[in-house]
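Quick note, the sequence shown lines up with residues 23 to 351 if you use the working numbering. Each residue gets a CB set at the ideal place from its N, CA and C atoms; glycine is no exception. This report concerns only the one structure given below.
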Amino acid sequence: MSRRVEYTLAPPQRNESDGFDYPDGIPISYNLHRLRHFECEGSYPKYPYGSLVKFYAMVGLHRYNVLEGKNLQLDTLKSFNMRINCGASSYYITLAARVPDSGLKQIFQVLVHEERLGSLDMTCTIARPRVTTNVPFLRPHSESEYDYMDNDELPDWPSEIAFDDTKRFHLVKESELRDNDWIRLYLELTLVAHDRFLTVHYLSQLEIVKVAIEEVEQPNASLNTKTTFVYITYKDLAKAQIGEPVDRKAIVRRIINETTGLLRLRGDYWSGERSVITPEEEYMLLHGGEKVRNNEQRSKKLKRRVGVHRLWRWWYQAYKNRGLRSSSY
23 MSRRVEYTLA PPQRNESDGF DYPDGIPISY NLHRLRHFEC EGSYPKYPYG
73 SLVKFYAMVG LHRYNVLEGK NLQLDTLKSF NMRINCGASS YYITLAARVP
123 DSGLKQIFQV LVHEERLGSL DMTCTIARPR VTTNVPFLRP HSESEYDYMD
173 NDELPDWPSE IAFDDTKRFH LVKESELRDN DWIRLYLELT LVAHDRFLTV
223 HYLSQLEIVK VAIEEVEQPN ASLNTKTTFV YITYKDLAKA QIGEPVDRKA
273 IVRRIINETT GLLRLRGDYW SGERSVITPE EEYMLLHGGE KVRNNEQRSK
323 KLKRRVGVHR LWRWWYQAYK NRGLRSSSY
């Protein structure tokens with residue numbers, strides 16, 4: 023399910039915190055938009071989609087680092103407000119960032135809009151230190167309209183011969199891979215966006231084999247908008263335990279506007295030939311194995327988890343049938 027997000031000026035109630043922090047409770051205007059608050063600190067924090075929210079926070083810091091030439095890293099998640107929808111959502115994340123090899127920490131705010139549910143397609147519109155004054159940033163670092171970010175197409179996987187073109191592709195060395203942890207972030211986020219219930223243990227068994235980076239010029243894009251394609255070949259070692267192919271590929275497209283600071287990520291992954299599969303098939307692929315296949319009750323439960331669209335259709339049909347029954351009396 024995709025949606026087009028139109029970014030407009032915030033209403034008066036949002037000006038003070040832009041939807042992030044409400045120590046005295048969320049205003050009524052936000053309740054009308056089904057905005058729910060979650061605390062991430064404490065002895066036993068409970069909040070949904072832990073890995074996904076963590077990766078969204080890391081993407082926000084990554085955007086800030088790219089634009090400002092910094093090297094901030096995620097220290098802890100503090101809280102977030104999530105817009106509750108039937109499909110794609112928005113996340114207003116408050117986090118603590120740290121400078122590596124130092125004790126310096128700073129509170130940051132990150133806003134991520136999901137453009138669709140079930141695949142990596144997100145836009146980061148805010149990534150900034152939390153401030154209590156109206157001191158302007160060198161860049162907007164805030165929500166604004168984006169210019170060229172509407173092309174949803176991902177390219178076909180280049181041939182092996184094409185990767186030999188050093189003017190077109192930069193093949194990432196192993197040492198560069200260690201110094202650019204955002205590449206693994208892109209890969210893990212691509213998988214978790216497909217399946218929000220993937221565990222940390224599962225993600226730890228992903229082994230990056232080869233990475234190629236391509237900088238391209240897109241038509242109709244502004245001079246300050248840069249598009250990058252990241253081609254990742256990796257091994258999913260968890261699949262070896264159940265006899266499935268471990269060799270996989272992923273493509274991530276990054277569009278960033280250096281003037282507005284907007285960053286959009288669009289990604290996909292597959293094994294073998296690239297094809298389109300249903301969410302149920304995707305879930306069973308990720309959680310495959312004889313234990314799942316032979317347990318009918320567990321299988322039905324897993325399908326219900328990812329059957330968001332199916333559940334919505336069922337509810338809508340039931341609602342229509344109720345109206346038809348009522349009109350027949």
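Leaving out the 5 sequence neighbours to the left and right, which residues in its chain are closer than 7 Å to residue i when beta-carbon positions are compared?
i	result
Tyr291	Thr212, Leu213, Arg270, Lys271, Ala272
Tyr224	Ala260
Phe60	Tyr69, Ser101, Phe102, Met104
Phe159	Reliability of the predicted coordinates at Phe159 is poor, the pLDDT of 45 falling under 50, and no value is obtained from them.
Gly311	Residue placement at Gly311 is poorly supported in this model, since its pLDDT is 43, which falls under 50; the coordinates still yield a value, given next. For Gly311, where only same-chain residues beyond five positions count, the Cβ hits under 7 Å are Ile264.
Trp204	His84
Pro122	Asn93, Gln95
Tyr71	Arg218
Ser226	none
For residue i, which residues from the same chain have a beta carbon less than 6 Å from its beta carbon, with the 5 sequence-adjacent residues on both sides left out?
i	result
Arg288	Asp143, Arg275
Ala149	Gly82, Arg85, Tyr86, Val132
Glu237	Thr250
Phe42	Tyr114, Thr116, Gln131
Val330	The predicted position of Val330 is uncertain, since its pLDDT is 44 and thus under 50; no value can be drawn from it.
Gln128	Ala119, Pro151
Leu209	Ile254, Ala272
His192	Ile235
Lys434	Nothing about residue 434 can be read from this structure; the chain reaches only from 23 to 351.
Could you name the residues that DSSP lists as bridge partners for residue i?
i	result
Val132	Ile115, Ala149
Ile235	His192, Val252
Asp258	Leu228
Ser101	Glu61, Thr116
Glu274	One detail in the question is off: residue 274 reads as Val in this sequence, not Glu. DSSP lists Val252, Gly289 as partners of Val274.
Leu83	Partner(s): none; Leu83 has no beta bridge.
Lys127	Arg120
Thr282	Answer by DSSP bridge pairing: none, since Thr282 is not bridged.
Thr247	Asn279
Gln95	Arg120
Asp269	Lys257
Asp143	Arg288
On the criterion of 16 or more Cβ atoms from any shown chain inside 10 Å, does residue i qualify as buried, or is it exposed?
i	result
Thr221	exposed
Ile106	exposed
Ser73	buried
Cys108	exposed
Leu228	buried
Lys100	buried
Lys76	buried
Asp201	exposed
Val134	buried
Glu167	Since pLDDT at Glu167 reaches only 49, below the 50 mark, its modelled position is unreliable, and the value read off the structure follows with that caveat. The residue is exposed, with fewer than 16 neighbouring Cβ atoms inside 10 Å.
Val194	buried
Asp258	buried
Gln57	In the sequence on display, residue 57 carries Leu and not Gln. Leu57 is buried by the Cβ-count criterion.
Leu126	exposed
Glu198	exposed
Glu196	exposed
Glu239	exposed
Leu54	Because the pLDDT at Leu54 is just 49, under 50, the model does not fix this residue reliably, and the value given afterwards should be weighed accordingly. That one is exposed.
Arg320	Because the pLDDT at Arg320 is just 43, under 50, the model does not fix this residue reliably, and the value given afterwards should be weighed accordingly. Arg320 comes out exposed.
Lys323	Confidence in Lys323 is poor, its pLDDT being 41 and thus under 50, which makes the residue's placement unreliable; the coordinate value appears in the next sentence. So Lys323 ends up on the exposed side.
Would you mind giving the Cβ-Cβ distance between residue i and residue j, rounded to the nearest angstrom? I have them listed as a contact below 8 Å.
i	j	result
Ile183	Arg206	Actually they are not in contact, since the Cβ atoms of Ile183 and Arg206 sit about 27 Å apart, beyond 8 Å.
Gln95	Ala119	7 Å
Tyr256	Ala234	Their Cβ separation, rounded to whole angstroms, is 13 Å, which puts Tyr256 and Ala234 out of contact at 8 Å.
Ser141	His216	6 Å
Cys62	Phe102	7 Å
Cutting at 8 Å between CB atoms, please list the residues of its own chain near residue i, excluding the five before and the five after it.
i	result
Arg14	Limits of the chain in this structure are 23 at one end and 351 at the other, which puts residue 14 out of reach.
Trp179	Tyr253, Lys271, Ile273, Arg296
Asp97	Leu117, Ala118, Ala119, Arg120, Lys127
Asp187	none
Kindly confirm or deny that the segment 110–119 and the segment 245–260 touch, where touching means at least three C-beta pairs closer than 8 Å. no
Segment contact flag, the segment 65–80 with the segment 175–195, C-beta cutoff 8 Å, min 3 pairs: no
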